[in-house]
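Novice: Just dropping this structure here.
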Amino acid sequence: MGSHGIKDRVAIIGMGCTPFREHWDRSTDDLMVDAVTDGLDNAGVAKADIDAWWLGTAQSGMSGITLAAPLKLEGRPVTRVENYCATGSEALRQACYAVASGAYDMAAAVGVEKVKDSGYQGLNAFPIPTDGTQRTLTAAAMFSLVAPAYAQRYGVDPDELRRTLARIASKNHSNGAKNPRAQFRREMDVDAICKMPAVAGMLSVFDCAGVADGAASAIVVRAEDAHRYTDNPIYVKALSFVAGNGSGLLDPDYDYTHFPECEWAANDAYAQAGITDPRAELAMAEVHDCFTPTELVLMEDLGFSKRGESWQDCEAGVFDLHGELPVNTDGGLKSFGHPVGASGLRMLFECWLQLRGEAPDDRQIDTIDRGLALTHNLGGYPGEMVSFVGIWGNSTD
Amino acid sequence: MTRGLIAAAGYLPHWRLQASAVASVLGGNQGKGARTIASYDEDSLTMAVAAGRRALAAAPQASPSTLWFATTSPAYAEKSSAPIAHAALRLAPDVLAADASGGLRGANAALMAALRSTDPATLVLAGDVRTGPSGSSEEREGGDAAAALLVGDSETAPLVAEYLGGASATREFLDRWRAPGELRMHAWEERFGQQRYAELAGAAWTAALKDSGLDTDQVTSVAIVGPHARAGAKLAKQLGAAGVGVADTLSASVGFSGAAHGPLMLTQLVESAGAGQVVALVSMADGADVFLFRATGDGAAATPAVAEQLEGGDDSLTYAKYLQWRGVLPTQPPNRPEPARISASAAERRLDWKYGFVGSVDRDSGAMHLPPARVSFRGGAVDDMDLAPMADVAASVVTFTIDSLAYSPSPPTIFAVCDFDGGGRLPVELTDVTSEQVSIGMPVEMTFRRINTADGIANYFWKARPAQATSKGQN
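Now the structure itself:
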């Protein structure tokens, strides 16, 4: 595959991120203005310095005008992108490539989603005219299919797996409790989570990401220009994205214990970044914990655990805040909720803080000297999903 | 050449409501027996399609050139239902498909027309969902069912029953009525209707004997079907005294299934008759129609028989659930957007898939695609696929989940990844099953159902249900 990446050619010089909340008093416009203003201030640049903009939103607006109008941008290209739950990461991916190509000197990626104004629970896709034969299941139910399949394939007692899943949720709640931007800041112990009633398969609401509104932004320039704006830029090491073809839904060989799209994106990203042992080389990872079985399986798809062993690694604390490879140190989707267009950039914001040593003391990772962080998104369902993997570093090679 | 029934099939839904379950909520007489209940995802049409599949499966050599669908509970007031059945049964494009709706007599008229026609084969479908206000006689005495009668010549296919003759009698009078959109049926003073029906049924009986050249004592059994028990009482007494076996009208096991009840009873009569025996259907519905048939002992029986279906089913349905299913008891759905209406053009493009459950199979790799695709997921060949009709292919559950959050007319949604025998996979909703009953490895079969309704549009597609032991090998 001719995927060469843009390692060390682009740098992030500023980021903004709103708290993720039930923002009853903030509009989509408000959230974007806040996230962009914070990002510009953080980078020490002005709105007019940005040559091109990319806006990621799944369904909170259409076209670049969604961003251009509230920010009153003048004479600039603004592109709205959508790629399911990888939408925010997709916006950044495009901005990075635009700068790497030489087309623009400075570009911004903005992600936003106003989920709570729908009046419904969970994420709900807006209606597209169809023949009416599509599945109407919730994402929780589709991801719940993973748990019994994983238990059966690897001989894990379902009750034991139930506790492991609860431990993943508990870990992310514990991290989120330390993060003022997170929506849910209450620690939850494993026993309490296990006692919650099931809503989909063996999953309770505490196995599901929250629902929140939010926005985030990132400003990118060519790597060689970065030090004109900041002493500690974050460099783009790899950007990889895969859109699955849905064959898992058709193919009896697919077993619901892994997500091939995530494995492909990770392998491509590791090749771009020159990583051979992610568990040892990465300082941290922010992964798409939309549901607890998702994070479990991702530890294997991203190469952090061997196949069939992630449940033991989770239990052993490998991915805890001070574990061997901290995962979702900001609290993850579990604590933040998932405003689709913003989540990818929210994950990068945590890497930005951690790799620059700016995370609060009670959340600062011990592995910062490794200098590399990973963000990951997936969108869709097991068998039919998109996946993004980005790798970021605090120095060039 | 003789004319008659090439096949006859009945369909009783899985769910039954016990009279005692009603009494436990409403009080009053405990009552006896149970009635059949269409599931929340069934309607007059889906049940008729189920019966039609059974009839056509029993006589694969007959391809009907006309399809009639009769019901008093159509999905649409101004759109024919029959073309939907036509699509689900994958009949040829030149087949006339039309409704015989608007009253209880439609199925009788369609059957009579089919018997008098020169079509090599005509398929008469009838289905009804009988609903009424809580505690009403329609609710108590009604039943949900469907039947399919495949009428044709002996040259087309061996007959299961030869038509000997019949007659009708018509006179306008007011007995029972229901305004469009109304749940409740109204009735005139019972004795008036009883007397009118007695006269009409008597006249039609006499004329039918004359038409067939038979005497009463040559008739082995008769089913006397009418909208109220007393309507046919006089004729029943008279024929009983003459030695004709008067069939149980299934009032304590099915209930009166409206437009479907005559065809259903005829099916059961034919199924239980010995070769050479003469059976009669007397159907009273805004007039009277009499049909006389001789069972041949030939032809192929549809499976499962009505008697087998009476033995099966699930009578654990609660009265509250039943009221919810019929919309009599409004309940709070999960806080999710209601389904969007379907696109007419998108549905028409996918006619084979949506209604016929036809996938595609890659000629080279054999990979099955559900829904059909132009490009193969294995090997990538483009436009190199054959149609793969999958409605009659058995499948089994690979993994499943219970979704309490999804929007459903009857939460929770039970959903499974199903693998088909011989290849092919579909993640699909399950029906006619409870959360406790579903398991990995469970054999399932496909069934045509009403998925939802939006903007007045009934959205039909297929679901999987536990394979019926009695229908093993059918279709």
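Taken in order, these protein sequences are the chains called A and B. All residue numbers for the first sequence refer to the numbering used here, where the first residue is 1157 and numbers rise by one. All residue numbers for the second sequence refer to the numbering used here, where the first residue is 13 and numbers rise by one. Even for Gly, the Cβ is constructed at its ideal location relative to N, Cα and C. Fair warning: this is a prediction, and the values are worked out from it, not measured in the lab.
How about Leu-24/B and Gly-325/B: are their beta carbons less than 8 Å apart?
Specialist: For Leu-24/B and Gly-325/B, yes; Cβs fall inside 8 Å.
Novice: Inspect the beta-carbon positions of Ala-169/B and Leu-137/B and report whether they are closer than 8 Å.
Specialist: Going by C-beta atoms, Ala-169/B is not nearer than 8 Å to Leu-137/B.
Novice: Between the beta-carbon of Asp-396/B and the beta-carbon of Arg-375/B, is there less than 8 Å?
Specialist: Yes. Within cutoff.
Novice: Taking the alpha-carbon positions, what's the Val-1377/A to Arg-386/B distance?
Specialist: The straight-line gap from Cα to Cα measures roughly 43 Å.
Novice: Is Phe-268/B near the ligand ATP, in the sense that its beta carbon is under 7 Å from a heavy atom of that ligand?
Specialist: Among the components of this structure there are no ligands whatsoever, and the ligand ATP is therefore not found.
Novice: Taking 8 Å as the limit between beta carbons, can you name the residues of its chain near Thr-14/B, skipping five residues before and five after?
Specialist: Excluding sequence neighbours, Thr-14/B sits near Asp-165, Ser-166, Leu-171, Glu-174, Tyr-175.
Novice: Determine the closest residue to Thr-1320/A out of Gly-1473/A, Asp-1387/A, Ala-1498/A, Gly-1370/A, with distance taken between C-alpha atoms.
Specialist: If we check each option's Cα against that of Thr-1320/A, Gly-1473/A comes out closest.
Novice: How would you list, in chain order, the residues of chain B whose beta-carbon sits under 8 Å from the beta-carbon of Asn-1401/A?
Specialist: Going along chain B in sequence order, the residues near Asn-1401/A (Cβ under 8 Å) are Phe-389.
Novice: Can you give the beta carbon distance from Ala-248/B to Ile-236/B, rounded, assuming they're within the 8 Å contact cut?
Specialist: Yes, Ala-248/B and Ile-236/B are in contact; Cβ-Cβ is about 5 Å, under 8 Å.
Novice: Would DSSP call Gln-42/B helix, strand or coil?
Specialist: In the structure shown, Gln-42/B sits in coil (DSSP, three-state: anything other than H, G, I, E or B).
Novice: When the Cα of Val-141/B is compared with those of Ala-157/B, Ala-133/B, Gly-39/B, Thr-134/B, which residue comes out closest?
Specialist: The candidate whose alpha carbon is nearest that of Val-141/B is Ala-157/B.
Novice: Looking only at its chain, what residues have a beta carbon closer than 8 Å to the beta carbon of His-1383/A, apart from the 5 residues adjacent to it on each side?
Specialist: Taken in chain order, the residues that qualify are Pro-1389.
Novice: I'd like the list of long-range same chain contacts for Gly-1527/A, defined as Cβ closer than 8 Å, with 5 residues on each side in sequence excluded.
Specialist: Around Gly-1527/A: Ala-1439, Leu-1511, Gly-1549, Asn-1550, Ser-1551.
Novice: Counting Cβ pairs, one atom from each stretch, are 3 or more of them under 8 Å apart for the stretch 102-117 of chain B and the stretch 74-91 of chain B?
Specialist: As far as the Cβ criterion goes, the stretch 102-117 of chain B touches the stretch 74-91 of chain B, which means the pair count is three or higher.
Novice: If the cut-off is 7 Å on Cβ atoms, which residues from the stretch 212-241 of chain B count as contacting chain A, listed in chain order?
Specialist: Those residues of the stretch 212-241 of chain B that come within reach of chain A (Cβ to Cβ, closer than 7 Å) do not exist; the list is empty.
Novice: Can you pull the chain B residues whose beta carbon is under 9 Å from the beta carbon of Gln-1277/A, in chain order?
Specialist: Chain B residues near Gln-1277/A: Pro-346, Asn-347, Arg-348, Leu-417.
Novice: Rounded to whole angstroms, what is the Cα-Cα separation between Val-1312/A and Leu-1301/A?
Specialist: When rounded, the distance between both Cα atoms is 15 Å.
Novice: Measure the Cβ-Cβ separation of Asn-1280/A and Pro-349/B and say whether it is below 8 Å.
Specialist: Going by C-beta atoms, Asn-1280/A is nearer than 8 Å to Pro-349/B.
Novice: Within a Cβ cutoff of 6 Å, which residues of the same chain sit near Asp-1194/A, ignoring the five residues on either side of it in sequence?
Specialist: Only Gly-1172 meet the Cβ criterion.
Novice: To the nearest whole angstrom, what separates the beta carbons of Thr-1235/A and Leu-1211/A, a pair I think is in contact under 8 Å?
Specialist: Yes, Thr-1235/A and Leu-1211/A are in contact; Cβ-Cβ is about 7 Å, under 8 Å.
Novice: Using a beta-carbon distance below 8 Å, is Lys-484/B in contact with chain A?
Specialist: Residue placement at Lys-484/B is poorly supported in this model, since its pLDDT is 40, which falls under 50; the coordinates are not used for a value here.
Novice: On the three-state DSSP scale, how would you describe Asn-347/B?
Specialist: Coil, per DSSP.
Novice: Measure the C-alpha to C-alpha separation of Leu-68/B and Ser-377/B and round it to an integer number of angstroms.
Specialist: Whole-angstrom Cα-Cα distance: 31 Å.
Novice: Please compile the residues from chain A whose C-beta is within a distance smaller than 7 Å of the C-beta of His-381/B.
Specialist: By Cβ distance, chain A contributes Leu-1406.
Novice: If you measure from the beta carbon of Trp-189/B to each beta carbon in chain A, is any gap under 8 Å?
Specialist: No, no contact with chain A.
Novice: Beta carbon of Arg-208/B, beta carbon of Ala-199/B: below 8 Å?
Specialist: Not closer than 8 Å, so no.
Novice: For Arg-1463/A, which residues of its own chain have a beta-carbon under 6 Å away from its beta-carbon, when the five flanking residues on both sides are left out?
Specialist: Cβ within range, chain order: Glu-1456.
Novice: For a contact meaning CB atoms closer than 7 Å, what does Asn-471/B contact in chain A?
Specialist: Simply Gly-1288.
Novice: DSSP on Trp-1210/A, reduced to helix/strand/coil?
Specialist: Strand.
Novice: Express the C-alpha separation of Ala-1296/A and Cys-1364/A in angstroms, rounding to a whole number.
Specialist: Using only the alpha carbons, I get a separation of about 7 Å.
Novice: Would Trp-337/B be called buried (16 or more neighbouring beta carbons within 10 Å of its own) or exposed?
Specialist: Its Cβ being crowded by 16 or more others within 10 Å, Trp-337/B is buried.
Novice: Counting only the same chain and skipping the five closest in sequence on each side, list residues whose C-beta sits under 7 Å from that of Phe-1362/A.
Specialist: So the list reads Ala-1325, Met-1344, Ile-1349, Met-1352, once near-sequence residues are dropped.
Novice: Do Leu-212/B and Ala-297/B have their C-beta atoms closer together than 8 Å?
Specialist: No. Outside cutoff.
Novice: Taking the alpha helix (DSSP H) that Met-13/B belongs to, which residues open and close that run?
Specialist: It is not in any alpha helix (DSSP H) - Met-13/B carries neither H nor E in the DSSP assignment.
Novice: Using a beta-carbon distance below 8 Å, is Gly-435/B in contact with chain A?
Specialist: It does; some Cβ of chain A falls within 8 Å.
Novice: Is the beta carbon of Gly-1366/A less than 8 Å from the beta carbon of Lys-1490/A?
Specialist: Closer than 8 Å, so yes.
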